[in-house]
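End of the sequence shown = 593 in my numbering, gap-free, step of one.
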Amino acid sequence: MTDVLRRGRASLAFSFLVQGVAFALLVTRIPAIQDRYGVSDALLPAFLAAVPILAGIGSVTTERLVKRIPPSRLLRWSQPVVLLALLGVGAGERMAVLGVALAAFGLAVGVLDASMNMLGVSLQRTYGRSIMLSFHAAYSAGGIVGASLAWVGAHGELALWVSYLPVVLLLLPAALVGSRWYVDGPAAEEDTQETGKGAGGGLKWLLPLCLVMTVAYIGDSTVSNWSAKYLQDVLGSSEQLATVPYNVYMVTTLLGRAIGDVGVRRFGAVAVVRAGALVAAVGFAVVAGASGAWVGMLGFTLLGLGLCVLVPQTFAAAGRRAHESGRPGASDAAVARLNVFNYVGFLIGSPLVGALGDAWSYRGAMLVPMVLVLVTLVYAKSFVDQPDRYGGGHERARTADVGRGGNGL
Numbered sequence: 185m186t187d188v189l190r191r192g193r194a195s196l197a198f199s200f201l202v203q204g205v206a207f208a209l210l211v212t213r214i215p216a217i218q219d220r221y222g223v224s225d226a227l228l229p230a231f232l233a234a235v236p237i238l239a240g241i242g243s244v245t246t247e248r249l250v251k252r253i254p255p256s257r258l259l260r261w262s263q264p265v266v267l268l269a270l271l272g273v274g275a276g277e278r279m280a281v282l283g284v285a286l287a288a289f290g291l292a293v294g295v296l297d298a299s300m301n302m303l304g305v306s307l308q309r310t311y312g313r314s315i316m317l318s319f320h321a322a323y324s325a326g327g328i329v330g331a332s333l334a335w336v337g338a339h340g341e342l343a344l345w346v347s348y349l350p351v352v353l354l355l356l357p358a359a360l361v362g363s364r365w366y367v368d369g370p371a372a373e374e375d376t377q378e379t380g381k382g383a384g385g386g387l388k389w390l391l392p393l394c395l396v397m398t399v400a401y402i403g404d405s406t407v408s409n410w411s412a413k414y415l416q417d418v419l420g421s422s423e424q425l426a427t428v429p430y431n432v433y434m435v436t437t438l439l440g441r442a443i444g445d446v447g448v449r450r451f452g453a454v455a456v457v458r459a460g461a462l463v464a465a466v467g468f469a470v471v472a473g474a475s476g477a478w479v480g481m482l483g484f485t486l487l488g489l490g491l492c493v494l495v496p497q498t499f500a501a502a503g504r505r506a507h508e509s510g511r512p513g514a515s516d517a518a519v520a521r522l523n524v525f526n527y528v529g530f531l532i533g534s535p536l537v538g539a540l541g542d543a544w545s546y547r548g549a550m551l552v553p554m555v556l557v558l559v560t561l562v563y564a565k566s567f568v569d570q571p572d573r574y575g576g577g578h579e580r581a582r583t584a585d586v587g588r589g590g591n592g593l
């Protein structure tokens, strides 16, 4: 069983990494996509908003699908769709092709994100110690790789399909092979009504976690969409230096997640979440009050270290608390519902900061996500400290049921 768990953990981490690469390759080449298809500035927001909206639909659909189909199987086939849709975005020539490709990308991403985190939560429960942050660290690593590949493509003035094709040809078969070792949790055998009682009957406890997830992604989208503009237009940096904050943010996010599980085992989830929220709030305050570009970059560095722990721990807390209801499948349902608020935060964050920046000031706009992230402190007890404290020589024996092993191709 130990080998099964190790292979399952490694294959799932690789899936997170692949998704990080794919998503970064899409979002960092948006200007090139716009040029290729002749998408106007007025129409671009509609295309960009469609992806998270459809991803939310995909996540909700996953909640229903996992009653009959194991999350491992949903992940196995949604990841190739994401990669092929990415290639479709790069290879098409007509606006209709772009629309279809982005629609497929969005729906598949919703299924993929939900099923990945379902498997991560169930594996953490089986391991008996915090490992969720390590999966999201793999995603951050993939994002860095994807952004670097996108820079190479843009610097070399390569056509989008030329940039995307080698990546897809490499990652798609590797992901399919790796999917053979996914490990599912116990099968969900209850009917629809029981599932609703298991996950929906306790919806009140899920709402604070949904709020934390939304706030975390408002903060993340603020950095990804506004850090370059803020550094250049507000803090007076050069165009080249303005590209640095997001890269620094991604690197510190990776570092924070790489060591975050150790912090959870030693101090507990509540303490780690509170510390993350405070560090993120300080980061936004530093950005808002920065006297120059280098101070601003210090703020974005703190944001990476603070925000990085919130999303993985929110998924872990939702899965754990739903599992405590004793109903099979309640954990998967809770993760799928919570995942929707990933996209809600993404949709709110960028327009919110932009509107406040135009109507007020961009310095003032940075204070809004600062206040929002502090709301996490109010709901920190929702992360249930004690069950995650596996450190100090008290790690639980790995005797939990590993459920359905990954199915062969």
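The C-beta atom is built at its ideal place from N, Cα and C for all residues, glycine as well.
Computed from a predicted model, the values in this text were never measured in an experiment.
Item to complete: Excluding the 5 residues preceding and the 5 following Ser363 in the sequence, name in chain order all residues of the same chain whose CB lies nearer than 6 Å to its CB.
Response: Arg260
Fill in: Gly473 versus Met434: straight-line alpha-carbon distance, rounded
22 Å
Practice prompt. Express the C-alpha separation of Ser405 and Ser534 in angstroms, rounding to a whole number.
Written response: 6 Å
Worksheet item: Can you tell me where the alpha helix (DSSP H) with Tyr172 in it begins and where it stops?
Response: Because the chain is modelled from 185 through 593, residue 172 falls outside the range shown and cannot be assessed.
Worksheet item: Can you tell which of Met316, Ala477, Lys565, Leu249 has its C-alpha closest to the C-alpha of Gly440?
Response: Met316
Item to complete: Check the C-beta distance from Ala412 over to Pro429 and give it rounded, since I have them as a contact under 8 Å.
Response: 7 Å
Worksheet item: For the candidate residues Leu354, Leu360, Tyr527, whose alpha-carbon lies nearest to that of Ser262?
Response: Leu360
Discussion item. I'd like to check one pair, Leu486 with Val466: are the Cβ atoms closer than 8 Å?
Written reply: yes
Practice prompt. Can you grab the Cα-Cα spacing for the pair Gly125 / Arg449, in whole Å?
Written response: Any question about residue 125 goes unanswered here, given that the chain covers just 185 to 593.
Worksheet item: What's the gap between the Cα of Arg278 and the Cα of Thr212?
Response: 21 Å
Practice prompt. Indicate the three-state DSSP secondary structure (helix, strand or coil) for Val295 in the structure shown.
Written response: helix
Discussion item. Buried or exposed, going by whether 16 or more other CB atoms sit within 10 Å of the CB of Pro264?
Written reply: buried
Worksheet item: Would you report the Cα separation of Gly559 and Trp345, rounded to the nearest angstrom?
Response: Reading off the sequence shown, one finds Val at residue 559, where the question assumed Gly. Their Cα atoms are separated by approximately 43 Å.
Worksheet item: Apart from the five residues on each side of it in sequence, which residues of its chain come closer than 7 Å, Cβ to Cβ, to Arg191?
Response: Trp365
Worksheet item: Does the segment 349 to 356 come close enough to the segment 488 to 505 that 3 or more CB-CB pairs lie under 8 Å?
Response: no
Worksheet item: The alpha helix (DSSP H) with Ala453 in it runs from where to where?
Response: 453 to 473
Worksheet entry | Cβ contact check for the segment 333 to 340 and the segment 394 to 402: 3 or more pairs under 8 Å | no
Worksheet item: Which term fits Ser515, buried or exposed, when burial requires 16 or more other beta carbons within 10 angstroms of its beta carbon?
Response: buried
Worksheet item: In chain order, what residues of the same chain have a beta carbon less than 6 Å from the beta carbon of Pro236, not counting five sequence neighbours either side?
Response: Tyr527, Phe530, Leu531
Discussion item. Tell me which residues share the same chain as Leu228 and place their Cβ nearer than 8 Å to its Cβ, disregarding the 5 neighbours each side in the sequence.
Written reply: Ile214, Gln218
Worksheet entry | Assigned secondary structure, Val367 (DSSP; H/G/I helix, E/B strand, else coil) | strand
Worksheet item: From Val329, Phe567, Gly444, Ser314, pick the residue whose C-alpha is nearest to that of Ala208; which is it?
Response: Val329
Worksheet item: The alpha helix (DSSP H) with Thr212 in it runs from where to where?
Response: Looking at the DSSP string, Thr212 is not in any alpha helix (DSSP H), and its letter there is neither H nor E.
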